[in-house]
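*Asks:* I'd like to ask you about the structure that follows.
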Amino acid sequence: MSTVLTHVPLWVWGVLALLVQRGIAAAQPNRITLSRLLLLPLVFTVLGIMGLARVGPLLPGALLASLGGILIGAAAGWTLFAGRPGYAWDGASGELYRPGSWRMLGCSLAAFCLKFGLGMLAGMQHVALSGLGGALLTGAVSGMTGGLLWGASAAQLLNGRVRPALTPMGA
Numbered sequence: 021m022s023t024v025l026t027h028v029p030l031w032v033w034g035v036l037a038l039l040v041q042r043g044i045a046a047a048q049p050n051r052i053t054l055s056r057l058l059l060l061p062l063v064f065t066v067l068g069i070m071g072l073a074r075v076g077p078l079l080p081g082a083l084l085a086s087l088g089g090i091l092i093g094a095a096a097g098w099t100l101f102a103g104r105p106g107y108a109w110d111g112a113s114g115e116l117y118r119p120g121s122w123r124m125l126g127c128s129l130a131a132f133c134l135k136f137g138l139g140m141l142a143g144m145q146h147v148a149l150s151g152l153g154g155a156l157l158t159g160a161v162s163g164m165t166g167g168l169l170w171g172a173s174a175a176q177l178l179n180g181r182v183r184p185a186l187t188p189m190g191a
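Take the sequence shown: its position 119, counted from the start at 1, is 139 in our numbering, and no numbers get skipped.
In structure tokens:
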């Protein structure tokens, strides 16, 4: 275990701390701009693309697996948030009111754990990720993490645009 703690770059622990902090904040009613809502899915998408860049000539298979992962992840994220009450979009301020939920922390930690696990596998058992199986796993995990967060964000935004909030916007 100490090997894991000492060989993981410090920025990874910083990302985990930020995800936990933002997830705890999202558990309380809050307002968020569209750019901040989409930042986390965008970051995980960029990280996924960076991971795909390492599969070399097996990129077509990895891209196909990534597409499947995106669809699965987006469906899961969408399912977790779709139709939930209490969201409202304030067009004047460009902010989404969210009622507060621990679900965003769960989504963020799930995405982090998937990416972290893949990174640990790459670092400790890199042979396991060589070949077509490794490329497919890399693609699927990369797609799933981004897709989960895109699905969750899209569902929250749609909730705010089609359903009135149960809590006043000024709260």
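Using N, Cα and C, we set each Cβ at its ideal position, and we do this for glycine too.
So, using beta-carbon positions, are Thr65 and Gly166 closer together than 8 Å?
*Replies:* Their beta carbons are under 8 Å apart, which means Thr65 touches Gly166 by this criterion.
*Asks:* Could you tell me which uninterrupted beta strand (DSSP E) segments, each at least 3 residues in length, are contained entirely in the region 87-172, listed from first to last along the chain?
*Replies:* Counting whole runs of 3 or more residues, the region 87-172 contains the beta strand (DSSP E) stretches 108-110 and 115-118.
*Asks:* With distances taken from CA atoms, which of Gln176, Cys127 and Val161 is nearest Leu84?
*Replies:* Among Gln176, Cys127 and Val161, the Cα nearest to that of Leu84 is on Val161.
*Asks:* Taking the continuous beta strand (DSSP E) assigned at Arg51, which residues delimit it?
*Replies:* Taken as a continuous stretch (DSSP letters only), the beta strand (DSSP E) holding Arg51 covers Asn50 to Thr53.
*Asks:* Tell me whether Pro29 sits in a helix, a strand or coil according to DSSP, three-state version.
*Replies:* It is coil, neither helix nor strand.
*Asks:* With DSSP as the reference, label Ala47 as helix, strand or coil.
*Replies:* Residue state, collapsed to three classes: coil.
*Asks:* Which word fits Ala37, buried or exposed, when buried means at least 16 other C-beta atoms lie within 10 angstroms of its C-beta?
*Replies:* Classification of Ala37: exposed, given that the 10 Å Cβ count is below 16.
*Asks:* What separation, rounded to the nearest whole angstrom, lies between the Cα atoms of Pro80 and Ala73?
*Replies:* The straight-line gap from Cα to Cα measures roughly 11 Å.
*Asks:* How about Arg82 and Ala172: do their beta carbons lie closer than 8 Å?
*Replies:* Just to set this straight, residue 82 is Ala in the shown sequence, not Arg. No.
*Asks:* For Phe101, which residues from the same chain have a beta carbon less than 6 Å from its beta carbon, with the 5 sequence-adjacent residues on both sides left out?
*Replies:* Answer for Phe101: Ala172, Ala175 and Gln176, listed in chain order.
*Asks:* Taking the C-alpha atoms as reference points, what is the distance between Met164 and Leu125?
*Replies:* When rounded, the distance between both Cα atoms is 16 Å.
*Asks:* Let me confirm a value: Leu25 is counted as buried when at least 16 other C-beta atoms fall within 10 Å, else exposed. Which label applies?
*Replies:* It is exposed - the Cβ of Leu25 has fewer than 16 other Cβ atoms within 10 Å.
*Asks:* Counting pairs of beta carbons, one from the region 138-145 and one from the region 110-123, are three or more of them closer than 8 Å?
*Replies:* With a cut-off of 8 Å, the region 110-123 and the region 138-145 do not count as touching, because too few Cβ pairs lie within range.
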